[in-house]
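Student: Next up is a structure, given as structure tokens.
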Amino acid sequence: MGTVLSTCSVATAQNATQAAKPHKIGLIDMAYIFKNYDKFIAERKLIEEELQVKSEEAKGQGEKIARLQEALKAMNPTSPEFSAAEKEYAAAVAGFKADASRIKRELVMKEADLYKRTYLEVTTIIGKYAQAYNYTLILRYSNETVEAEDGPQEVMQKMSSLVVYHEQGNDITANVLDYMNNKYKEAAGGAGGATAPSSGTRR
8 MGTVLSTCSV ATAQNATQAA KPHKIGLIDM AYIFKNYDKF IAERKLIEEE
58 LQVKSEEAKG QGEKIARLQE ALKAMNPTSP EFSAAEKEYA AAVAGFKADA
108 SRIKRELVMK EADLYKRTYL EVTTIIGKYA QAYNYTLILR YSNETVEAED
158 GPQEVMQKMS SLVVYHEQGN DITANVLDYM NNKYKEAAGG AGGATAPSSG
208 TRR
């Protein structure tokens with residue numbers, strides 16, 4: 008009987024300790040992370056470069072179509088050559104539109120995948136950071152403030168933030184970003200190492 012009571016007392020004490028654990032709230036500026044995460048910037052640049060290459064290829068196709076169109080204008084509409092050239096022109100236009108649609112779809116999917124992978128990577132790091140420094144809740148917010156030169160849309164967007172006041176120590180953005188950038192540099196063979204993110208504030 009005494010053993011049972013002792014066990015119950017220990018369990019009650021543990022539950023009381025857990026219940027008494029204070030909340031510790033952190034804030035993360037996700038937009039700032041995406042704008043300044045070196046890995047995300049590098050991969051997005053590759054997508055933009057691919058878009059540039061595809062645009063140059065499309066420009067060449069467009070010039071070919073323009074030449075075919077000019078050739079049609081110089082032909083007799085009743086001639087056999089005109090009929091063949093017209094078919095070639097129609098096929099070139101259809102191919103151009105199909106290629107443009109496919110390229111746009113592929114690039115949109117690549118960019119969406121990049122955002123998804125980066126978001127999952129960030130949230131994983133945030134979870135580890137929260138556990139390491141005993142945060143019970145991490146909220147997403149924007150560190151941007153309303154400025155006099157902001158337009159109405161920008162003002163409304165900034166005013167929609169749920170966080171209207173916070174202490175500087177609540178913002179863990181810089182710590183998470185520094186860790187992620189150091190980790191990326193280390194993986195890329197650069198200087199620096201991916202030490203655990205500190206509990207300091209954003210610089």
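Under the numbering used here, the first residue of the sequence shown carries the number 8, and numbering increases by one thereafter.
The beta-carbon is built from N, C-alpha and C at its ideal position, and this holds for glycine as well.
Everything numeric in this text was worked out from a predicted model, so none of it was measured.
Under 8 Å, do D45 and N188 count as touching if we go by C-beta distance?
Tutor: Residue numbering aside, residue 45 sits at position 38 when the sequence shown is read from its first letter. Residue numbering aside, residue 188 sits at position 181 when the sequence shown is read from its first letter. Going by C-beta atoms, D45 is nearer than 8 Å to N188.
Student: Please report the straight-line C-alpha distance between A38 and E64, rounded to a whole angstrom.
Tutor: Residue numbering aside, residue 38 sits at position 31 when the sequence shown is read from its first letter. Residue numbering aside, residue 64 sits at position 57 when the sequence shown is read from its first letter. Using only the alpha carbons, I get a separation of about 33 Å.
Student: Taking DSSP as the reference, what is the three-state secondary structure of L53?
Tutor: On the sequence shown, residue 53 is found 46 positions in, with the first residue counted as 1. L53: helix per DSSP, three-state reduction.
Student: If you draw a straight line from the alpha carbon of K80 to that of E128, how long is it in whole angstroms?
Tutor: For this step, residue 80 is matched to residue 73 along the sequence shown. For this step, residue 128 is matched to residue 121 along the sequence shown. So the two alpha carbons sit approximately 57 Å from each other.
Student: Could you pull out every residue in the same chain whose Cβ sits closer than 7 Å to the Cβ of I133, ignoring the five residues on either side in sequence?
Tutor: Along the sequence shown, read from residue 1 onward, the residue named residue 133 stands at position 126. Cβ within range, chain order: I35, I145 and V183.
Student: Taking 6 Å as the limit between beta carbons, can you name the residues of its chain near K61, skipping five residues before and five after?
Tutor: Position 54 of the sequence shown, counted from the first residue, corresponds to residue 61. Cβ neighbours of K61 beyond the five flanking positions: I110.
Student: Could you tell me which residues DSSP puts in a beta bridge with I132?
Tutor: For the purposes of this step, residue 132 is taken as the residue at position 125 of the sequence shown. Note: I132 sits in no beta bridge, so no partner.
Student: Mapping DSSP to helix, strand and coil, what is L146?
Tutor: Mapped onto the sequence shown, residue 146 falls at position 139. Strand.
Student: Kindly give me the distance between the Cβ atoms of I1 and T180, rounded to whole angstroms, as I take these residues to be in contact under 8 Å.
Tutor: Shown here, the chain extends from 8 to 210; a query on residue 1 therefore has no answer.
Student: Spatial neighbours of E93 within its chain, please: C-beta separation below 8 Å, excluding the five flanking residues on both sides.
Tutor: Here residue 93 refers to the residue found at position 86 of the sequence shown. L79.
Student: So what does L34 bridge to, in DSSP terms?
Tutor: Stepping through the sequence shown from its first residue, residue 34 is reached at position 27. For L34, which the question treats as bridged, DSSP gives the partners L146 and D178.
Student: So what does DSSP say about A99, is it helix, strand or coil?
Tutor: The count along the sequence shown starts at 1 and reaches residue 99 at position 92. Here A99 sits in helix by DSSP.
Student: Buried or exposed, going by whether 16 or more other CB atoms sit within 10 Å of the CB of G33?
Tutor: Looking up residue 33 in the sequence shown gives position 26. G33 comes out buried.
Student: Measuring CA to CA, which of L169, Y96, Y142 and K190 is closest to G176?
Tutor: Counting from one through the sequence shown, the residue named residue 176 turns up at place 169. With distances taken between Cα atoms, G176 lies closest to Y142.
Student: Give every residue of the same chain whose Cβ lies closer than 6 Å to the Cβ of Q68, excluding the five residues on either side of it in the sequence, and list them in chain order.
Tutor: As a first step, residue 68 is located in the sequence shown; it is residue number 61 there, counting from the start. Cβ neighbours of Q68 beyond the five flanking positions: F103.
Student: Take S149 as the anchor and find which of A137, L169, A139 and Y136 has the nearest alpha-carbon.
Tutor: Within the sequence shown, numbered from 1, the residue matching residue 149 stands at position 142. Answer by Cα proximity: L169.
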